[in-house]
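K.L.:
Okay, handing you the structure first.
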Amino acid sequence: MKILIIRLSSLGDVVLVSTVIDALKEKFPNADISLLVYSKYSSLYYKDPRLADVISLPPYPSAFFGLLRELRKMRFDTILDLHFNIKTLLVRMLVPAGRKLSYRKGHWRRVVMVQAARLRAPSRKRLLLIPCTLVAQFLSRMVRPYHTVQLFLEPLRRLGVKATVRPPKLFVRPEAEAEVDEFLNEHGVSAQHVLVGIAPGARWPSKRWTASGFAEVSDQLLKNPDIRLILLGDRTDLNFTRQILIRMRGKPLVATGRFDLKGLVAAIKRCRLLLTNDSGPMHIATAVGVPVVAIFGPTHPKLGFSPLGSRDVVLHAGLPCSPCSLHGEKSCLVKHRQCMEQITPQTALEAIQRVLGDSDKPSVS
Numbered sequence: 095m096k097i098l099i100i101r102l103s104s105l106g107d108v109v110l111v112s113t114v115i116d117a118l119k120e121k122f123p124n125a126d127i128s129l130l131v132y133s134k135y136s137s138l139y140y141k142d143p144r145l146a147d148v149i150s151l152p153p154y155p156s157a158f159f160g161l162l163r164e165l166r167k168m169r170f171d172t173i174l175d176l177h178f179n180i181k182t183l184l185v186r187m188l189v190p191a192g193r194k195l196s197y198r199k200g201h202w203r204r205v206v207m208v209q210a211a212r213l214r215a216p217s218r219k220r221l222l223l224i225p226c227t228l229v230a231q232f233l234s235r236m237v238r239p240y241h242t243v244q245l246f247l248e249p250l251r252r253l254g255v256k257a258t259v260r261p262p263k264l265f266v267r268p269e270a271e272a273e274v275d276e277f278l279n280e281h282g283v284s285a286q287h288v289l290v291g292i293a294p295g296a297r298w299p300s301k302r303w304t305a306s307g308f309a310e311v312s313d314q315l316l317k318n319p320d321i322r323l324i325l326l327g328d329r330t331d332l333n334f335t336r337q338i339l340i341r342m343r344g345k346p347l348v349a350t351g352r353f354d355l356k357g358l359v360a361a362i363k364r365c366r367l368l369l370t371n372d373s374g375p376m377h378i379a380t381a382v383g384v385p386v387v388a389i390f391g392p393t394h395p396k397l398g399f400s401p402l403g404s405r406d407v408v409l410h411a412g413l414p415c416s417p418c419s420l421h422g423e424k425s426c427l428v429k430h431r432q433c434m435e436q437i438t439p440q441t442a443l444e445a446i447q448r449v450l451g452d453s454d455k456p457s458v459s
């Protein structure tokens, strides 16, 4: 059996697709499974033992039609579209396969949740506040939230696969681990240290916790001589990382932009814990067995992107105006970002303390 799974982006979603790969391999251990993904994310599954092939789609449009010709030659038995956009629709239409399945995004549910929260925003004029609140309550009762993994797994039922929501899983390349180990050794980090990672970036600025918050937590962690701190992210996070560093008194390891995606996965795996926003690195951490303390502000765990690790902790202020957008792309309705400001450094430190206290290594205090 040859199966093509399609999920082009984004980072967190591509990580979560591993749950589908695992479910299919359990049901069809001899199946040849291929994954179609944008080239910038393909290294996540480089030499993954669960996959027969990782098919990379370059970002330029002309590459897509050339890839279609190649896909048509591969004679898949099943195509599973877990992206559902124009490009993936064309793949389903033009690439022959005995069975073609797609998932339901649940987009309308998320839109209803967002619109209900926006109606509850305190910026509403007094005369509109009561009717808007009533409408928001009605909309909230209409929808049942689903995790993205649950939505990904649902079409597998048509293949006879009855899978439950599970954490994602990624394999770390030995060469990436060696690169990270060399970096840590150069900076005096040994196996006796507790390495805590901080991934402060996010695709949208509104999803980032405050620079002062990250700085204060970092300084408090570094007071413990057993703890080493590493700042992680890609090159787009460099400016925000600098904002954190100028507010700090201590000296963390700065690896922002230092590693490629394979290296980032390996670096996160070396951590005892990752402090992060609602972002791709959050799901990477869960996928390599590292607990997270995840900060949600304009987005909400109920939108379907909460971390799935058994020891993961989500920090969310629970304001009535959250979630105010599907992916955190919109600016704050009330201009003060209380959803982030109300999550204090002390709150984050207490969560970190709880997680580290569950391990066999020293905690924050």
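Residue numbers for the sequence shown follow our numbering, beginning at 95 and rising by one. Here a beta-carbon is modelled for each residue, glycine too, at the ideal position from N, C-alpha and C.
#1: Quick one: residues in its chain with C-beta nearer than 7 Å to the C-beta of D406, no 5 flanking neighbours on either side, listed in chain order?
#2: So what's F246 in DSSP terms, helix, strand or just coil?
#3: Output yes or no for whether 8 Å exceeds the beta carbon distance between V108 and Y140.
#4: Here's the rule I'm using: 16 or more other beta-carbon atoms within 10 Å means buried, otherwise exposed. How should F159 be labelled?
#5: Residues in its own chain within less than 6 Å of G374 by CB, not counting five upstream and five downstream?
#6: Rounded to a whole number of angstroms, what is the C-alpha to C-alpha distance between G412 and T393?
#7: In whole angstroms, what is the alpha-carbon distance linking L184 and F178?
#8: Should L188 be labelled buried (16 or more other beta-carbon atoms within 10 Å of its own) or exposed?
#9: Which whole-angstrom value describes the C-beta separation of L325 and L347, a residue pair presumed to lie in contact below a C-beta threshold of 8 Å?
#10: Can you list, in chain order, the residues of its chain whose CB lies under 7 Å from that of K356, leaving out five sequence neighbours each side?
#11: If we ignore side chains and look at the alpha-carbon of each, how far apart do E248 and D313 end up?
#12: Report the partner residues of I97 according to the DSSP bridge assignment.
#13: State the DSSP-derived secondary structure class of S416, mapped to helix, strand or coil.
#14: In whole angstroms, what separates the C-alpha of K263 from that of S133?
#15: Under a Cβ-count criterion, where at least 16 other Cβ atoms within 10 Å of its own Cβ denotes burial, should I97 be classed as buried or exposed?
#16: With DSSP as the reference, label G451 as helix, strand or coil.
#17: In terms of residues, what are the limits of the alpha helix (DSSP H) holding A309?
#18: Could you please give me the residues that DSSP links to R322 through a beta bridge?
#19: If you reduce the DSSP assignment to three classes, tell me which class W298 lands in.
#20: How many whole angstroms separate the CB atoms of G398 and P239, which I take to be in contact at a CB cut-off of 8 Å?
#21: Once the 5 residues before and after T330 are set aside, which same chain residues still bring their CB inside 7 Å of it?
#22: For S196 and T438, what's the separation of their Cα atoms in angstroms?
#23: State the start and end residues of the unbroken alpha helix (DSSP H) segment that holds K181.
#24: Shortest alpha-carbon distance to S103 belongs to which of R163, V131, G403?
#25: Does the beta-carbon distance from S419 to C433 come in below 8 Å?
#26: Just to confirm the assignment, what range does the alpha helix (DSSP H) spanning D142 have?
#27: Does the beta-carbon of E164 have 16 or more other beta-carbons within 10 angstroms, so that it is buried, or is it exposed?
#28: Whole angstroms is fine: what's the gap from T172's alpha carbon to I378's?
P.N.:
According to the structure shown:
#1: Translated into positions along the sequence shown, residue 406 becomes position 312. Excluding the 5 residues flanking it on each side, D406 has same chain C-beta neighbours closer than 7 Å at T380, P385, V386, A388, in chain order.
#2: The count along the sequence shown starts at 1 and reaches residue 246 at position 152. DSSP places F246 within a helical segment (H, G or I) once states are collapsed to three.
#3: Mapped onto the sequence shown, residue 108 falls at position 14. Mapped onto the sequence shown, residue 140 falls at position 46. The criterion of a C-beta distance shorter than 8 Å is not satisfied by V108 and Y140.
#4: For the purposes of this step, residue 159 is taken as residue 65 along the sequence shown, with counting starting at 1. With fewer than 16 other Cβ atoms within 10 Å, it is exposed.
#5: Indexing the sequence shown from 1 puts residue 374 at position 280. Answer for G374: L105, G106, listed in chain order.
#6: Taking the first residue of the sequence shown as position 1, residue 412 is located at position 318. Taking the first residue of the sequence shown as position 1, residue 393 is located at position 299. Cα-Cα distance, rounded: 10 Å.
#7: What you label residue 184 is simply residue 90 of the sequence shown in a count that begins at 1. What you label residue 178 is simply residue 84 of the sequence shown in a count that begins at 1. In a straight line, the C-alpha of L184 is about 10 Å away from that of F178.
#8: The residue labelled residue 188 in the question sits at position 94 within the sequence shown. Counting every other CB atom within 10 Å of its CB across the protein chains shown gives L188 a total below 16, marking it as exposed.
#9: For this step, residue 325 is matched to residue 231 along the sequence shown. For this step, residue 347 is matched to residue 253 along the sequence shown. Contact flag correct, Cβ pair sits at about 7 Å.
#10: For the purposes of this step, residue 356 is taken as the residue at position 262 of the sequence shown. Cβ within range, chain order: S137, Y140, R267, A270.
#11: Working through the sequence shown from its first residue, we reach residue 248 at position 154. Working through the sequence shown from its first residue, we reach residue 313 at position 219. When rounded, the distance between both Cα atoms is 44 Å.
#12: Position 3 of the sequence shown, counted from the first residue, corresponds to residue 97. Paired residues: I127, T172.
#13: The residue given as residue 416 occupies position 322 in the sequence shown. Coil, per DSSP.
#14: As a working mapping, residue 263 is identified with position 169 in the sequence shown. As a working mapping, residue 133 is identified with position 39 in the sequence shown. Straight-line Cα distance between these residues: approximately 20 Å.
#15: The residue you call residue 97 lines up with position 3 of the sequence shown. Buried: at least 16 other Cβ atoms inside 10 Å.
#16: Sequence index remark: in the sequence shown, residue 451 carries index 357 (1-based). It is helical.
#17: Start at 1 with the first residue of the sequence shown, and residue 309 comes out as number 215. 305-316 is the span of the alpha helix (DSSP H), which, as asked, contains A309.
#18: Locating residue 322 in the sequence shown gives position 228, where the first residue counts as 1. Paired residues: L289.
#19: One-based indexing of the sequence shown puts residue 298 at position 204. Secondary structure of W298 (DSSP, three-state): coil.
#20: What you label residue 398 is simply residue 304 of the sequence shown in a count that begins at 1. What you label residue 239 is simply residue 145 of the sequence shown in a count that begins at 1. About 7 Å separates the two Cβ atoms, so the contact holds.
#21: Along the sequence shown, one-based indexing puts residue 330 at 236. Only G295 meet the Cβ criterion.
#22: Numbered from 1 along the sequence shown, position 102 holds the residue referred to as residue 196. Numbered from 1 along the sequence shown, position 344 holds the residue referred to as residue 438. Rounded to whole angstroms, S196 to T438 spans 41 Å at the Cα level.
#23: Here residue 181 is taken as the residue at index 87 of the sequence shown, counted from 1. Bounds of the alpha helix (DSSP H) holding K181 are 180-188.
#24: As a working mapping, residue 103 is identified with position 9 in the sequence shown. The residue with the shortest Cα to Cα distance from S103 is V131.
#25: By one-based count along the sequence shown, residue 419 stands at place 325. By one-based count along the sequence shown, residue 433 stands at place 339. Result no, Cβ atoms of S419 and C433 do not sit closer than 8 Å.
#26: One-based indexing of the sequence shown puts residue 142 at position 48. No alpha helix (DSSP H) contains D142, which DSSP labels as neither H nor E.
#27: Residue numbering aside, residue 164 sits at position 70 when the sequence shown is read from its first letter. Counting of Cβ neighbours within 10 angstroms places E164 among the exposed residues, the total staying below 16.
#28: The count along the sequence shown starts at 1 and reaches residue 172 at position 78. The count along the sequence shown starts at 1 and reaches residue 378 at position 284. For the pair T172 and I378, the Cα-to-Cα distance works out to about 27 Å.
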